Every structure is written in C-alpha cells, then in structure tokens.
Amino acid sequence: MVLPDLGPLLLTVRLAAITTVVLLIVGTPLAWWLAHTRSRMKSVVEAVTALPLVLPPTVLGFYLLVFLSPNSTLGGLWLTATGTTLTFSFLGLIIASAMYSLPFMVQPLQAAFEAVGRGPLEAAASLRATPLDAFLSVATPMAVRGYLTAIVLTFAHTIGEFGVVLMVGGNIPGRTKVVSIQIYEEVETINYAAAHSLAAILLAFSFIVLLAVYTFNRRFPVHPG
Amino acid sequence: MRALSVDVRVSYPEFELAVTQAFPGTGISGLFGPSGCGKSTLLRVIAGFERSATGRVSFGDEVWLNGRSRVAPHLRGVGHVFQDARLFPHLSARGNLDYADKRAGRVPARYSFDDVVNVLDLAPLFARRAHQLSGGERQRVAIGRTLLARPRLLLMDEPLAALDTRRKGEILPYIARLPTAFGIPIIYVTHALEEVTQLCDRIVALSDGRVVAAGGVAETLERLDLADVQGRFEAGSVLTGHVAGQDTALHLTRVDLGVAALEVPQIGLDTGAELRLRVRARDVSLARTRPDGLSIRNVLPAHVLRIAPEPETAFAEVLLDLGGQHLRARITRAAVQDLGLVKGAPTFALIKSVAFDRQALPRVMPPLGG
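Residue numbers (this note's numbering), protein chains in the order written: chain A, 1 to 225; chain B, 1001 to 1370.
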C-alpha cells in the first residue's frame, strides 16, 4: 500500500479544530440570544443562520470569494493592513469554514439552551447568582450534551467540506489543500490506491468520533428537572 | 423587620394584575385565590422575574421597582421556592445546598448550614440527585437550598401543590417552623384553604388580578362576600383553641374554645398547645334547642350575628357568634324560616367530629434546636 501524503490530512484537522473553537466563541452567544430573545428579529437571524444548510457550497463559496477578494472592501483593507490576501489563504479558509459550519454549532446549542429553559436560571438568580454565574454554573453543565453534539458535528462537518474550500482556498499544498480536495485530485489522476487509503482514514475517523459521542451520551445521561 | 410594599400593574392580552398591598416583615402571609387569579404573577413581580411589570415595589427603604426600572432579581435577596422545586439536575442534593451557601458569601447569617440541614432533616438525602428524590424530599431540599442563600424575604409558590396528602402532611410542619426558626418573613401562595389555616398569620385573597380581601386569617375567611373566591364548596371559618385533653382509648382530642369545647379526631399535640381548626360552612347544622340522642358530638351554644340568603338558590349563610369567635353555617332558606332564625337569636351549632381536617399544627413551634 502506498502511503499517501499526510500533509493535507493534518491541515484539515488543524482547520477543523480552529474552526470549532472560533464557532464555540461566536456561536454560544448567538445560540443563547436565539434561545431567550422575544425580538421579532429572531426569525430573520434564525433563517440567516440556517442558510448554509440549504445553499449549494459553491454559492456560499462564490459569495465568500467575492467578499474576501482583494477587490472588495474587506479584502482590500486586509491587503493594505497585512500585505496578504484573505482568499487562497489559511485564514480565509477558517472564515469560510466558520460560515459554512455555523448552523452545526448554533442549532444544537440553541436547542440545548431552550431545553434548559428559564426555570433553572430564575432559580439560580433567586440564590444570588449573577446572570454570567448562572450561565456558567447552571446553563452550561445542563447543556453539556448539546455542547458535545455541536462540537462534534462542527468538527466533522468542517473535515468533510469540499465546495466552499475549493472556491475560497483553491488548492495550495501546505496552505489550503485539505484532504477532501486531495482525494478528489487522486481520483482525477486515477491514483485509486492513495484515494482509498485517505478515504478509509476519513471513514474510520468519522465512525470512531460518532461512536465515542453516542457512548458518552449513554454513559452520562442528563436527567432534566 | 422590613415590610414589603407593592403597588404594581402587569398587563397581558387576556389578563391584568393590579395590586396595591403591604406585607409585614414577620410571619407567614398567605396569598390565596383560585388558579389563574394572579398569585404566581404577583410573586414573580416581587422576585423581579416579570419584565412587563410597572409600578413600585419597595422592601424597607430599598426600591426594587420604580416605574419600569427594575433591580435585577439576584440583587434583591429574595428566596423563591418554586412549585416544581427546580433543583439543579447536574448536582447532588448536597451540591444544590452548597451552591446557595457559597453564593450567600458575606451576607450576615443568623443560622448555619448545619442548622438548616437539621431543621429540614436533609443529611440522609445528601448524595442523591434530583431524579432520585421523592416529590416531598425534593421540596425539602429546595426549601433548604433557598434558606441557605440567606434570603431577607422568602416566597413560596404552592410548594405542596405537586404532593399527595401524605407528603403534604410530612412537609407542612417543616414550613410552619421556618419563621420562628430562621426569622424570615414568608409570602406563601396557595389555593388550598387547609394550608392557609394551618400556616398563615394573615391572608391576602386575590381574584381576577385584584385583592378582594386582606387581614387576619379568621376574620378574612369568615367574610361572606368571599364565597366566590373560595368557591361555595370550600366556604368555612377558622376556630382557635387549646388542647384540653386526649382520650387515647377512643382516639379523640378535646379542644377548649373558651366558651365551649370540641371533640375532634386525635391530634398529636401536647395539652395546652394552641391550634386552629377549619370548619366548612356546609358541615355546620343549627338547632333552636339543645338536641338529644344525636351521634353528633359537638353542640356549641351560639348567637346569630347575620343571615345572608343566597339569591336564586335554596341556601343561606348564617354567621354565628361563639363567645367572640365566628362560625359560618350554610343551611337552606327553608330551615331559616322554619327555625325562625333572626339576628341575635340564641341557637346551637352542631358539628360532626369527622368534619374536621385531619392535620392540625401547633401555632407556636419549638425554637431551633429544641
């Protein structure tokens, strides 16, 4: 068996890990707001958050390419400030992945926060806990399964992305060449052996991660109320 | 002893609450009324959870609500015992208690962690999680947790509603001793009259979002125009007396009411203990002369204070004077006519011993550690 180039695989794992952390930071307050707001804007924000679920990755990738390119306001500012472009860079890839995987972080978290509800938070407030304290000491541990689901889905979904990455990142070895693109490339060049080993690694990895999550959820059931 | 003063309005499309009421800074005030009358909403306004509330809420010289500006709930020092306990499921019973104790921090406390654990008998429950506790145990832990936050005011929202009669009987004595043991004023929401008569020092009756009566338990409950709040089925009055003696062979307790004595099914209280008994109006019969050869044990001499025929029905409410205490009787209008009952007429009130509520509590609980 030919050992394939593992660089793209490591790059992919790095990309997925960083994207997950970024989305945890961005997605938690967004999910919290969606779970508790009574604003009329809620439906609009929910729809925007869910867009990446239904849009073809190429459409999302195309718009990101347009907004991040050096000719756009954002991309232009970035170019003047740093001398590098956002498109066809690892940073651009992180931004694109975060956009693409946003619903996979926000939706499980929102559902988990809604399941926790206001009741335990009111109880915490009546015990002198500040809102931040109540969030950290009550809502977060009660929503732990939601967090686990969100993290795993975000990570796994980012590993599996293809279209958006191709549009925004291109195919630059060591910078933007991720494993799904490498597999595509191996198949294109009729190098089935390398494609096989990479595909098998991804398949085994995904299965083991999901198995671990479901085992954990069985072992540590959360008893609500 | 800080008093709570409330002058608030909450408007929903289908419901409006408008309450102006003061609550003293001691003892247990009952907030009483049928389901949907606004009891819980008023409690949530006091706790600070009701965002749409407007008006004024003050506690001593602190203002908690002024117009629309609210003091955040966690800064009020108000303990809230919820109907559904709301224990944190990710913590053990002990963890729930520690959660509150830790956050009380530097609040001056008149009692320790162990005091609360002892009074509510919580030590055997420490290791268990919420789903491993019975309904009554859960409420005991919830009450203990709330006390350990060292609240300055304790709100209890139908804490016994989810429990069966036996569990209620288990937990009532614990609640009754809270004000004396811990010196915290309590506002106690309920729609059960038994809980009002056994626990409360005064009541505020709500109906349809308004206060319809407020004052001492006995005089408020005897008001005839309260019938629509209580429901006719439940209309009754409260008698206060002392345990005069026990008949262990026949399982009866004699209660001295001052001018007369009652026999009720045995109550496990010491001789001399003060207690309250609630008598439903429909359980009281009247006679003009002292009857003979009856199974009814309790025949009390009384005078008619007032007769209120209920329009469009066969019934009339008769208010009786029993040496200063009041007793309501609900009899037919035909009986009023036949007996020739008029204001001031001497009469005898007949009450079956089985008509008394099964549980009764002493009014003065032994002090903490006693």
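Glycine is no exception: its CB is placed at the ideal position from the N, C-alpha and C atoms. It should be emphasised that the depicted structure is a prediction, and the values quoted were computed from it without experimental measurement.
Using a Cβ-Cβ distance under 9 Å, would residue i count as near chain A?
| i | result |
| --- | --- |
| Ala1401(B) | Beyond the ends of chain B as shown, which are 1001 and 1370, falls residue 1401(B); an answer cannot be given. |
| Arg1145(B) | yes |
| Arg1103(B) | yes |
| Tyr1099(B) | yes |
| Gly1077(B) | yes |
| Val1057(B) | no |
| Val1117(B) | no |
| Val1107(B) | yes |
| Leu1224(B) | Residue placement at Leu1224(B) is flagged as unreliable, the pLDDT there being 49, under the threshold of 50; the coordinate-derived value follows with that caveat. False, the Cβ-Cβ gap to chain A never drops below 9 Å. |
Who are the neighbours of residue i on chain D, taking C-beta pairs under 9 Å?
| i | result |
| --- | --- |
| Glu122(A) | You won't find chain D in this structure, because its protein chains are A and B. |
Give me the chain A residues within the contact set of residue i, using Cβ-Cβ distance strictly less than 8 Å, ordered along the chain.
| i | result |
| --- | --- |
| Ala1149(B) | Ser126, Leu127, Arg128 |
Within 10 angstroms of its Cβ, does residue i collect 16 or more other Cβ (buried), or is it exposed?
| i | result |
| --- | --- |
| Glu1050(B) | buried |
| His1251(B) | exposed |
| Ile1171(B) | buried |
| Phe216(A) | exposed |
| His1131(B) | exposed |
| Ile190(A) | exposed |
| Gln1198(B) | buried |
| Gln182(A) | buried |
| Glu1312(B) | exposed |
| Gly1136(B) | buried |
| Ala143(A) | buried |
| Ala1314(B) | exposed |
| Pro8(A) | buried |
| Gln110(A) | buried |
| Asp1164(B) | exposed |
| Leu1350(B) | buried |
| Asp949(B) | With chain B covering 1001 to 1370 only, the question about residue 949(B) has no answer from this structure. |
Can you look up residue i in the DSSP assignment and give me helix, strand or coil?
| i | result |
| --- | --- |
| Leu84(A) | What sits at residue 84(A) in the sequence shown is Thr, not Leu. Thr84(A) falls in the coil class under three-state DSSP. |
| Ala1213(B) | strand |
| His1191(B) | coil |
| Glu1158(B) | coil |
| Asp1121(B) | coil |
| Ile1296(B) | coil |
| Thr1375(B) | Lying before the first or after the last residue shown, residue 1375(B) is absent from chain B, which here runs from 1001 to 1370. |
| Ala1149(B) | coil |
| Glu1317(B) | strand |
| Asn1096(B) | helix |
| Leu1257(B) | coil |
| Gly1067(B) | strand |
| Phe1356(B) | coil |
| Thr20(A) | helix |
| Ala1244(B) | strand |
| Thr12(A) | helix |
| Ile190(A) | coil |
| Ala1047(B) | helix |
| Ala156(A) | helix |
| Tyr1012(B) | strand |
Whose Cβ in chain B lies nearer than 8 Å to the Cβ of residue i?
| i | result |
| --- | --- |
| Gly119(A) | Phe1082, Asp1084, Arg1086 |
Since residue i meets chain B, which of its residues come closer than 7 Å, beta carbon to beta carbon?
| i | result |
| --- | --- |
| Val138(A) | Phe1088 |
For chain B, check one thing: does any of its Cβ atoms lie closer than 9 Å to the Cβ of residue i?
| i | result |
| --- | --- |
| Pro8(A) | no |
| Asp5(A) | no |
| Pro103(A) | no |
| Pro108(A) | no |
| Ala150(A) | no |
| Ala282(A) | Residue 282(A) cannot be examined here, being either before or after the span of chain A that is shown, 1 to 225. |
| Pro70(A) | no |
| Pro131(A) | yes |
If contact is defined by three or more beta carbon pairs under 8 Å, each pair taking one atom from either stretch, is the stretch 1046-1062 of chain B in contact with the stretch 1113-1129 of chain B? no
contact_flag[the stretch 1010-1019 of chain B, the stretch 1060-1072 of chain B] where n(CB pairs < 8 Å) is 3 or more: Flag = no, the stretch 1010-1019 of chain B and the stretch 1060-1072 of chain B do not touch.
Three or more C-beta pairs under 8 Å: does that hold for the stretch 1039-1050 of chain B against the stretch 1147-1158 of chain B? yes
Three or more C-beta pairs closer than 8 Å, one from the stretch 1316-1330 of chain B and one from the stretch 1299-1308 of chain B: is that the case here? yes
Is there contact between the stretch 170-182 of chain A and the stretch 62-74 of chain A, where contact requires at least three CB pairs shorter than 8 Å? no
Does the pairing of the stretch 1282-1289 of chain B with the stretch 1320-1334 of chain B give three or more beta-carbon distances under 8 Å? yes
May I ask you to verify whether the stretch 31-40 of chain A touches the stretch 189-208 of chain A, counting CB pairs closer than 8 Å and requiring at least 3? no
Is the number of C-beta pairs between the stretch 156-169 of chain A and the stretch 86-106 of chain A that are closer than 8 Å three or more? The stretch 156-169 of chain A, when compared against the stretch 86-106 of chain A, does touch it at the 8 Å Cβ threshold.
contact_flag[the stretch 19-27 of chain A, the stretch 117-126 of chain A] where n(CB pairs < 8 Å) is 3 or more: no
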